[in-house]
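Undergrad: Numbering (the working numbering), first residue to last: 24 to 372.
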């Protein structure tokens with residue numbers, strides 16, 4: 024993950040507006056929504072805006088002109104469940120319950136969840152066991168493992184989540200979330216795009232947060248993910264995570280400041296001026312336990328992702344981004360339950 028290999032981005036203060044789709048031959052821009060609510064955002068492509076991302080030509084190795092939609096996913100759970108479902112819409116959540124409880128046992132993919140998380144406290148007794156497993160739905164009562172998540176302590180003031188994705192490629196794809204222990208944020212790089220997540224409360228906080236947002240970083244802003252090396256290969260998700268080694272760069276000033284406990288350097292990482300745009304690429308908003316009308320499910324929150332206007336089941340990037348937010352949501356939920364951080368960890372690389 025070398026800094027020199029990243030796509031360059033331009034500096035802009037523009038942000039999202041309310042429209043959702045437009046033609047792909049125009050220029051991607053963001054505008055402030057009329058109600059100025061940063062949690063209610065969407066994207067617009069327009070030729071006439073004064074503010075553009077002209078130099079930001081690629082996002083996740085794709086032409087940025089392809090990203091012209093906001094997908095809004097509903098998180099829902101049943102009573103006393105230890106995980107959540109991710110539905111493509113509220114309508115899908117309602118239909119899912121109706122179809123399961125009715126005599127009509129036929130259920131299309133449109134009524135099925137996109138993802139489902141599961142956690143097991145029994146894994147506390149087993150080293151290198153997953154912090155979370157995320158399943159995807161391929162048919163009625165048919166699931167496959169989409170992602171396994173592991174937690175590790177890397178050094179003083181630095182922990183990480185290792186997300187191992189089954190994307191039906193030759194090898195498992197690894198994404199590393201780096202938890203800044205002195206200034207609550209998470210750095211990562213996915214498909215050549217550097218991201219920073221704020222709203223997480225850090226490893227020293229007792230209480231969690233219900234608003235988590237993911238931003239694009241400017242090219243000249245240092246990230247914990249700069250020059251990060253992931254050594255080792257997983258051929259499939261059945262293999263142990265012990266073969267994967269995370270190597271931080273000793274020339275990374277931000278990483279070195281964490282080891283020294285220098286909070287002044289780390290605090291500057293939270294400045295909004297570090298973001299390419301001032302509203303999030305993706306966000307999670309907690310909804311508590313809101314009963315879904317006509318369903319035995321409870322709405323737990325909403326995830327919004329800036330994405331391509333394609334079927335969400337085929338939108339791998341959106342599913343990966345959603346999985347990242349699910350992991351960080353679980354971290355915050357466990358704090359609210361009095362469990363400050365995952366107990367089932369491995370400290371060796």
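Ideal Cβ placement from N, Cα and C applies to all residues, glycine included.
Because the structure is a prediction, the values reported are computed rather than measured.
(1) Closest to residue 272 by CA distance: which of 266, 263, 299, 282 is it?
(2) Going by Cα to Cα distance, which pick from 99, 90, 82, 81 is closest to residue 324?
(3) Opposite residue 237 in the DSSP bridges: which residues?
(4) Do residue 93 and residue 336 have their C-beta atoms closer together than 9 angstroms?
(5) Closest to residue 308 by CA distance: which of 197, 82, 95 is it?
(6) Once DSSP output is grouped into helix, strand and coil, what is the label at residue 268?
(7) Tell me whether the region 204 to 218 and the region 259 to 269 touch, counting them as touching only if at least three CB pairs, one residue from each stretch, are closer than 8 angstroms.
(8) Per the DSSP calculation, residue 183 is bridged to which residue(s)?
(9) Using CA atoms only, rank isn't needed, just tell me which of 158, 197, 321 is closest to residue 103.
(10) Please classify residue 175 as buried or exposed, where buried requires at least 16 other C-beta atoms within 10 Å of its C-beta.
(11) Helix, strand or coil for residue 375, going by three-state DSSP, please let me know.
(12) In or out: residue 256 buried (at least 16 other Cβ within 10 Å) or exposed?
(13) Exposed or buried, residue 243, counting other C-beta atoms within 10 Å across all chains shown (16 or more means buried)?
(14) If you draw a straight line from the C-alpha of residue 315 to the C-alpha of residue 113, how long is it?
(15) For residue 10, count neighbouring C-beta atoms within 10 Å of its own C-beta (all shown protein chains included) and say buried if the count is 16 or more, exposed if not.
(16) Helix or strand or just coil, what does DSSP make of residue 287?
(17) Quick check on DSSP: helix, strand or coil for residue 191?
(18) Taking the CB atoms as reference points, tell me whether residue 106 and residue 132 lie closer together than 9 angstroms.
(19) Since residue 153 and residue 171 are thought to touch, with beta carbons under 8 angstroms apart, how far apart are those beta carbons, to the nearest angstrom?
(20) Just to confirm before moving on: does the CB-CB distance between residue 311 and residue 120 stay below 9 angstroms?
(21) To the nearest angstrom, how far is the alpha carbon of residue 352 from that of residue 158?
(22) Closest to residue 241 by C-alpha separation, out of 219, 258, 251, would be which residue?
(23) Please confirm whether residue 249 and residue 211 have their CB atoms less than 9 angstroms apart.
(24) Please say whether residue 188 and residue 330 have beta carbons closer to each other than 9 angstroms?
(25) Considering only C-alpha positions, which residue in the set 177, 286, 279, 303 is nearest to residue 441?
(26) Could you please give me the residues that DSSP links to residue 158 through a beta bridge?
(27) Around the C-beta of residue 86, are 16 or more other C-beta atoms found within 10 angstroms, so that it is buried, or is it exposed?
(28) In whole angstroms, what separates the C-alpha of residue 284 from that of residue 196?
(29) I'd like the list of long-range same chain contacts for residue 25, defined as Cβ closer than 7 angstroms, with 5 residues on each side in sequence excluded.
(30) Distance, Cα to Cα, residue 201 vs residue 118?
(31) Which ranges would you report for the beta strand (DSSP E) in the region 78 to 117 if only whole runs of at least 3 residues count?
(32) Closer than 6 angstroms by C-beta to residue 198: which residues in its own chain qualify, once you throw out the five before and the five after it? Chain order, please.
(33) Taking a contact to mean a Cβ-Cβ separation below 9 angstroms, would you say residue 306 touches residue 235 in this structure?
(34) Smallest Cα separation from residue 192: which of 138, 88, 258?
TA: This is what the structure holds:
(1) The shortest C-alpha separation from residue 272 is found at 282.
(2) Of the listed residues, the one whose Cα sits closest to residue 324 is 99.
(3) 220, 305, per the DSSP bridge assignment.
(4) Going by C-beta atoms, residue 93 is not nearer than 9 angstroms to residue 336.
(5) That would be 95, whose Cα lies nearest to the Cα of residue 308.
(6) Look at residue 268 here: in three-state DSSP terms it is strand.
(7) Put simply, the region 204 to 218 does not touch the region 259 to 269. Fewer than three CB pairs are less than 8 angstroms apart.
(8) In DSSP, residue 183 forms a bridge with 175, 201.
(9) Residue 321 is the option with its Cα nearest to residue 103.
(10) Under the 10 Å beta carbon count, residue 175 is surrounded by 16 or more other beta carbons and is classified as buried.
(11) The structure shown does not extend to residue 375, since the chain is modelled only from 24 through 372, so no value can be given for it.
(12) By the Cβ neighbour-count rule, residue 256 is exposed, with fewer than 16 other Cβ atoms within 10 Å of its own.
(13) Exposed, by the Cβ-count rule.
(14) In a straight line, the C-alpha of residue 315 is about 8 angstroms away from that of residue 113.
(15) This structure does not reach residue 10, given that the chain is present from 24 up to 372, and the question cannot be answered.
(16) Residue 287 falls in the helix class under three-state DSSP.
(17) It is coil, neither helix nor strand.
(18) Taking a C-beta distance under 9 angstroms as the contact criterion, residue 106 and residue 132 do not qualify as a contact pair.
(19) Taking the Cβ atoms as the reference, residue 153 lies roughly 5 angstroms from residue 171, within the contact range of under 8 angstroms.
(20) Between residue 311 and residue 120, the CB-CB gap reaches or exceeds 9 angstroms.
(21) When the Cα atoms are used, residue 352 and residue 158 turn out to be separated by approximately 16 angstroms.
(22) It is 219.
(23) No, the Cβ-Cβ distance between residue 249 and residue 211 is not below 9 angstroms.
(24) No, they are not a contact pair.
(25) Absent from the structure is residue 441, since the part of the chain shown begins at 24 and ends at 372.
(26) For residue 158, DSSP records a beta bridge to 139, 168.
(27) Here residue 86 is exposed. Its C-beta has fewer than 16 other C-beta atoms within 10 Å.
(28) Spanning the two alpha carbons is a distance of roughly 32 angstroms.
(29) The pLDDT assigned to residue 25 is 46, lower than 50, so where the model puts this residue is not dependable; a value taken from the coordinates is nonetheless given after this. Same-chain partners within the cutoff: 250.
(30) Separation of residue 201 and residue 118 (C-alpha to C-alpha, rounded to the nearest whole angstrom) is 38 angstroms.
(31) Complete beta strand (DSSP E) runs here, min 3: 92 to 100, 108 to 110.
(32) Apart from the 5 residues on each side of it in sequence, residue 198 sits with its Cβ closer than 6 angstroms to the Cβ of 186, 213 in its chain, given in chain order.
(33) Yes, Cβ-Cβ distance for residue 306 and residue 235 is below 9 angstroms.
(34) When each option's Cα is compared against that of residue 192, the closest is 258.
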